[in-house]
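Here's the structure, in C-alpha cells; my notes come after.
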Amino acid sequence: MIYFDNASSTKLNDLVFEEMMIWQRDFYANPSSNHKFARKSKVAIENSRNKVAELLGVKPSEVFFTSSATESNNCILQNAVKNLKIKEFITSKLEHDSVFQTIQKISLEKNIKVFFVRNNIDGDLDLNSLEILLKKSKKPFVSLMHINNEISNINDIYSLSEISKRYGAFFHTDCVQSLGKINFKIDDNFDYISASSHKFHGPKGCGIIYAKNANIESFIYGGSQERNLRAGTENVSSIVGFAKALEISIKDLDKNFLYVENLKKIFIEKILKEEKIKFNGNSGILEKSSPYILNIGIENQDEENFLIYSLDSFGICATASSACSSGVEKKSRVIENLKKKISPIRISLSIYNNENEINFFFEKLHQILNF
Ligand code: PLP
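Each residue of the sequence shown is one higher than the last, beginning at 45 in my numbering.
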C-alpha cells in the first residue's frame, strides 16, 4: 500500500504508541477520583499540558484538551457568540467544514452576520478585503486557517491577525495542518488556535484549544474536567500521546520538513513535465504552500472519483478533497471557490513516504489515463 493521505490522518509514531499503551493498559483509574492511583493519571494529564504549553511557548492554563480539532473549532466559535458576545463572523470560503459549517449553523441560530474575505483563483486571501470588512464591522470574530488542508496554501496569519487586532477583532486560526509540521510561533495577536494530534503521528481522538489568557468558557456541561471547560472523563492515554507526538514532531521538525519538501520537489518536477496535469491553489509553489500537501487536477477529466478509485485499485491511497467531506459524493467547496474547473486529487505526504512510491504513482496514473 502507498499512503498519500496524510492530511486526513497519519501513522502513529511507535514511541508514541508505546507511551500511550502504559496509560491505556496499566493506569485505568478515573483521573478525577480521590486516591493515589487516580492521581497518577491526573498528574500525567497536567504533565502533558505543561509539555504542550512549553512546546507552544504559552502558559499551561491557556491549553485545553478536547476530543478533536472539530470539537476545538466548535467550542471556540460557540464561545465567541455565547461569552465574547460577538456580533459578526469574518472568515473565508476555503475553511475546513469544522469552521465553515459551524459558522453557518451558529449564525443562522443566533442571527449573527457572516462576511467572507475574498480569495483569488489560486486561493490567496486578499488582505485588503479583510481590512474593508473590519472597517465597517461591529464586534467581529475572525477565523482564518493557517494551512489549507486541500490546496496547501500557507496563509499569512501574522498579517491577518495583526490587521484583525488593529480593528479590535478576536482572531482564531485553525493550525491543524501546520502544528508539528512547519515552524510557527503563537503570536500575541492570536486569541485562539486549534489543532489535532492525528495529523502529526499522534493518536486520533485528541485535540487542543489554545485560548489566550484562558478566555473561554464551558462547552460540554457535566463534571469539572478541563477546568470546567469540557466535562467528561479525560482520554488520558491520548492526551499523553498528543504531548509525546508534539514533542517528537517539534524536535525533528526541520529534518522532517526538508525530507518531505524534497519529495514534494520530485513530485512537482514530474508534474511539470505532464501537459495535462495542473496544480490547484498554490500547491505547486514551494514557498507558498506546505511541503506536506499537493493538489493536482487532470484536464478534461471531471470524474475525480474514477481516478481515486482507480488509484485505490493499485493500492494508492489519495483523496479528492478533505476526508470529512469525501464519501459524500459532492464537489469540493474549496476547489469550487477557486473557480477552476479541474477535478482535484489531493496527495498528502509524510516522513514515511519515499521516492519509489512517487515513481509508482506516476506509472499507474499514466496507465489509468492512457497518457
Ligand atoms: N481543520 C483542518 C484544517 C483539518 O484538516 C481537519 C481534519 O482534516 C480538521 C480541522 C478536523 O480535525 P479532526 O479530525 O481532529 O476533527
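Even for Gly, the Cβ is constructed at its ideal location relative to N, Cα and C. This one's a predicted model, so the numbers in the text were calculated from it and none came from an experiment.
Quick one: is VAL107 buried, meaning 16 or more other Cβ sit within 10 Å of its Cβ, or exposed?
Position 63 of the sequence shown, counted from the first residue, corresponds to residue 107. Label assigned to VAL107: buried.
Mind checking VAL87: buried by the 16 CB within 10 Å criterion, or exposed?
Here residue 87 refers to the residue found at position 43 when the sequence shown is read from its first residue. Looking at its Cβ environment, which holds fewer than 16 other Cβ atoms inside 10 Å, VAL87 is exposed.
Could you tell me whether the Cβ atoms of ILE147 and VAL158 are closer together than 8 angstroms?
As a first step, residue 147 is located in the sequence shown; it is residue number 103 there, counting from the start. As a first step, residue 158 is located in the sequence shown; it is residue number 114 there, counting from the start. Result yes, Cβ atoms of ILE147 and VAL158 sit closer than 8 angstroms.
Once you ignore the five residues that flank ASN57 on each side, which residues in its own chain have a CB closer than 7 angstroms to its CB?
Stepping through the sequence shown from its first residue, residue 57 is reached at position 13. Same-chain partners within the cutoff: HIS245, ALA289 and ILE292.
So THR363 is in the alpha helix (DSSP H); what residue range does that whole segment cover?
Numbered from 1 along the sequence shown, position 319 holds the residue referred to as residue 363. It is not in any alpha helix (DSSP H) - THR363 carries neither H nor E in the DSSP assignment.
Near ligand 1: VAL304 beta-carbon under 7 angstroms from a heavy atom:
One-based indexing of the sequence shown puts residue 304 at position 260. It does not: the Cβ of VAL304 is nowhere closer than 7 angstroms to a heavy atom of ligand 1.
State buried or exposed for LYS243, treating a residue as buried only when at least 16 other CB atoms are found within 10 Å of its CB.
Position 199 of the sequence shown holds residue 243. Answer is buried; the Cβ neighbour count reaches 16.
How should LEU316 be labelled, buried or exposed, when 16 other C-beta atoms within 10 angstroms of its C-beta is the threshold for buried?
The residue given as residue 316 occupies position 272 in the sequence shown. By the neighbour-count rule (16 or more Cβ atoms within 10 Å), LEU316 is not buried but exposed.
Helix or strand or just coil, what does DSSP make of PHE215?
On the sequence shown, residue 215 is found 171 positions in, with the first residue counted as 1. Three-state result, PHE215: strand.
Just to confirm the assignment, what range does the alpha helix (DSSP H) spanning ALA18 have?
Here the chain covers residues 45 to 415 and nothing more, so residue 18 does not appear.
Alpha carbons only, please: which of ASP166, ALA258, ASN127 and ASP356 is nearest the one belonging to LYS384?
Position 340 of the sequence shown, counted from the start, is the residue given in the question as residue 384. Of the listed residues, the one whose Cα sits closest to LYS384 is ASP166.
Candidates ILE260, GLY285, PRO388 and SER85: which alpha carbon is nearest ARG274's?
Sequence index remark: in the sequence shown, residue 274 carries index 230 (1-based). Among ILE260, GLY285, PRO388 and SER85, the Cα nearest to that of ARG274 is on ILE260.
Terminal residues of the continuous alpha helix (DSSP H) containing VAL304?
Here residue 304 refers to the residue found at position 260 when the sequence shown is read from its first residue. Its alpha helix (DSSP H) spans residues 297-316.
Counting only runs of 4+ residues fully inside the segment 146-189, write out the alpha helix (DSSP H) ranges in chain order.
171-179
Quick one: residues in its chain with C-beta nearer than 7 angstroms to the C-beta of LYS112, no 5 flanking neighbours on either side, listed in chain order?
The residue given as residue 112 occupies position 68 in the sequence shown. Inspection of the sequence shows that residue 112 is occupied by Ser rather than by Lys. Excluding positions up to five away in sequence, the list reads SER240, GLY249 and GLY251.
ALA255 CB to nearest heavy atom of ligand 1 below 7 angstroms:
On the sequence shown, residue 255 is found 211 positions in, with the first residue counted as 1. No, the beta carbon of ALA255 sits no closer than 7 angstroms to any heavy atom of ligand 1.
VAL60 in three-state terms, based on DSSP
Position 16 of the sequence shown holds residue 60. Reduced to three states, the DSSP call for VAL60 is helix.
Sequence-distant residues of its chain with Cβ nearer than 6 angstroms to THR277 (five each side left out)
The residue labelled residue 277 in the question sits at position 233 within the sequence shown. Only ASN74 meet the Cβ criterion.
Where MET64 falls, given that 16 or more other Cβ within 10 Å makes a residue buried
Taking the sequence shown and counting its residues from 1, one reaches residue 64 at position 20. It is buried - the Cβ of MET64 has at least 16 other Cβ atoms within 10 Å.
Within the continuous alpha helix (DSSP H) that includes ARG210, where are the two ends?
Sequence index remark: in the sequence shown, residue 210 carries index 166 (1-based). ARG210 -> alpha helix (DSSP H) spans 201-210.
Secondary structure at LYS322, three-state DSSP: helix, strand or coil?
The residue labelled residue 322 in the question sits at position 278 within the sequence shown. Three-state DSSP puts LYS322 in a strand.
Could you tell me which whole alpha helix (DSSP H) segments of length 4 or greater appear in the segment 100-139?
113-126
Provide the residue span of the alpha helix (DSSP H) that contains ILE395, from first to last.
Start at 1 with the first residue of the sequence shown, and residue 395 comes out as number 351. It is not in any alpha helix (DSSP H) - ILE395 carries neither H nor E in the DSSP assignment.
Considering only the beta carbon of each residue, do LEU171 and SER136 sit closer than 8 angstroms?
Along the sequence shown, one-based indexing puts residue 171 at 127. Along the sequence shown, one-based indexing puts residue 136 at 92. No, these two residues do not count as a Cβ contact at 8 angstroms.
Mind checking whether the beta-carbon of MET65 lies closer than 7 angstroms to any heavy atom of ligand 1?
Within the sequence shown, the letter at position 21 stands for residue 65. No, ligand 1 has no heavy atom inside 7 angstroms of this Cβ.
Should ASN193 be listed as close to ligand 1, given that the test is whether its C-beta is under 7 angstroms from any heavy atom?
Indexing the sequence shown from 1 puts residue 193 at position 149. Because some heavy atom of ligand 1 lies under 7 angstroms away, the Cβ of ASN193 counts as near it: yes.
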